[in-house]
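> Before I ask anything, here is the structure I am working with.
Number of protein chains: 2
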Amino acid sequence: MPKFMDIHRGMEGLTADQLKAAHQADLAIEAEEGVHFEHAWADPDSGDVFCLSDAPSAGAVQRIHERAGHKADEIHPVPLSL
Amino acid sequence: MPKFMDIHRGMEGLTADQLKAAHQADLAIEAEEGVHFEHAWADPDSGDVFCLSDAPSAGAVQRIHERAGHKADEIHPVPLSL
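Line order of the protein sequences matches chains H and P. With my numbering, letter number 77 in the first sequence gets 270, and the count goes up by one each step, no holes. With my numbering, letter number 61 in the second sequence gets 254, and the count goes up by one each step, no holes.
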C-alpha cells in the first residue's frame with residue numbers, strides 16, 4: 194500500500210488534546226476509503242502538522258481529512274522510506 | 194528527547210539508493226551531536242524529503258545534515274506526536 198505524508202498549515206496553538214481528537218476523527222472513518230493514518234506530528238509554534246498514512250491514493254487521504262474537518266494543504270506520495 | 198521533523202526541498206528524481214546513502218551519512222556522525230535520525234520519507238516527484246529525528250535541538254539536527262552534505266530547508270520541533 195502506498196505511503197503518503199500530508200501537511201496541514203495554520204494550526205498554531207494546537208494542543209495535545211486537539212491533535213488527538215483530530216486524529217481520532219480520521220481513524221473513525223478511514224476504513225471507508227481504505228486509508229490508515231499511522232502517525233501525526235505537530236509543531237504548535239509554526240502551526241504545521243504532519244500525518245503519515247498508508248492509502249490507495251492521495252485523493253483517498255484528502256477525502257478522509259476533509260470529512261473529518263481538516264483538509265490537508267499538501268499531500269505527498271512518499272514511495273521511498275527508511 | 195525532543196523530536197524534530199525536517200524538510201529538504203529540490204531533491205527531484207532522488208533514488209532509493211541515494212536516499213539510503215544520505216541517511217547513512219547522517220547516521221555515521223549523528224552521535225557527535227546527540228541526534229538520532231529515526232526515519233526518512235521521500236517524494237521524488239516533488240523533490241521533498243522528510244526526516245524524523247530525536248535531538249537536543251534544531252541546531253544539532255542542522256549541523257549533522259550540513260556536515261553530511263544536505264542542509265535542511267525547514268526544521269520543525271514536533272513536541273506533539275501520535
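The C-beta atom is built at its ideal place from N, Cα and C for all residues, glycine as well.
Between which two residues does the beta strand (DSSP E) carrying P:H269 extend?
Counting from 1 along the second sequence, the entry for residue 269 of chain P is found at position 76. From DSSP, the beta strand (DSSP E) with P:H269 extends over E267 to P270.
> Output, in chain order, the set of chain P residues within a Cβ distance shorter than 8 angstroms of H:P270.
Within the first sequence, numbered from 1, the residue matching residue 270 of chain H stands at position 77. Going along chain P in sequence order, the residues near H:P270 (Cβ under 8 angstroms) are D236 and D238.
> In angstroms, rounded to a whole number, what distance separates the CA positions of H:D238 and P:I268?
Against the first sequence, residue 238 of chain H aligns to sequence position 45. Against the second sequence, residue 268 of chain P aligns to sequence position 75. Rounded to whole angstroms, H:D238 to P:I268 spans 12 angstroms at the Cα level.
> Would you kindly report the start and end of the unbroken alpha helix (DSSP H) that includes P:A235?
As a position in the second sequence, residue 235 of chain P is number 42, starting the count at 1. No alpha helix (DSSP H) holds P:A235; the beta strand (DSSP E) holding it covers H229 to D236.
> In whole angstroms, give me the CA-to-CA distance for H:D210 and P:P272.
Reading the first sequence from its first residue, position 17 is the one you call residue 210 of chain H. Reading the second sequence from its first residue, position 79 is the one you call residue 272 of chain P. Between H:D210 and P:P272, the C-alpha separation is close to 13 angstroms.
> The beta strand (DSSP E) that contains H:L220, what's its start and end?
For the purposes of this step, residue 220 of chain H is taken as residue 27 along the first sequence, with counting starting at 1. H:L220 -> not in any beta strand (DSSP E); alpha helix (DSSP H) instead, spanning A209 to I222.
> So, at 6 angstroms on beta carbons, what are the nonlocal neighbours of H:A261 in its own chain, with the 5 sequence-adjacent residues on each side left out?
In the first sequence, counting from the first residue as 1, residue 261 of chain H sits at position 68. Taken in chain order, the residues that qualify are A218 and D219.
> What residues of chain H sit near P:M198, judged by a beta carbon separation below 7 angstroms?
Reading the second sequence from its first residue, position 5 is the one you call residue 198 of chain P. By Cβ distance, chain H contributes W234 and F243.
> If H:E223 sits next to H:I200, beta carbons under 8 angstroms apart, how far is it from one beta carbon to the other, in whole angstroms?
Residue mapping note: residue 223 of chain H aligns to position 30 of the first sequence, counting from 1. Residue mapping note: residue 200 of chain H aligns to position 7 of the first sequence, counting from 1. At roughly 18 angstroms, the Cβ-Cβ gap does not stay under 8 angstroms, so H:E223 and H:I200 are not in contact.
> Determine whether the Cβ of P:S274 lies closer than 7 angstroms to any Cβ atom of chain H.
Looking up residue 274 of chain P in the second sequence gives position 81. Judged by the 7 angstroms Cβ criterion, P:S274 is in contact with chain H.
> Have a look at P:A265 and H:L245 and give me their C-alpha separation to the nearest angstrom.
As a working note, residue 265 of chain P is residue 72 in the second sequence. As a working note, residue 245 of chain H is residue 52 in the first sequence. Rounded to the nearest angstrom, the two C-alpha atoms are 20 angstroms apart.
> Show which residues of chain H have a CB atom less than 8 angstroms away from the CB atom of P:A209.
Indexing the second sequence from 1 puts residue 209 of chain P at position 16. Correct list: L273.
> Determine the DSSP secondary structure at H:H181, reduced to helix, strand or coil.
Outside the displayed range of chain H (194 to 275) lies residue 181 of chain H, so it cannot be described from this structure.
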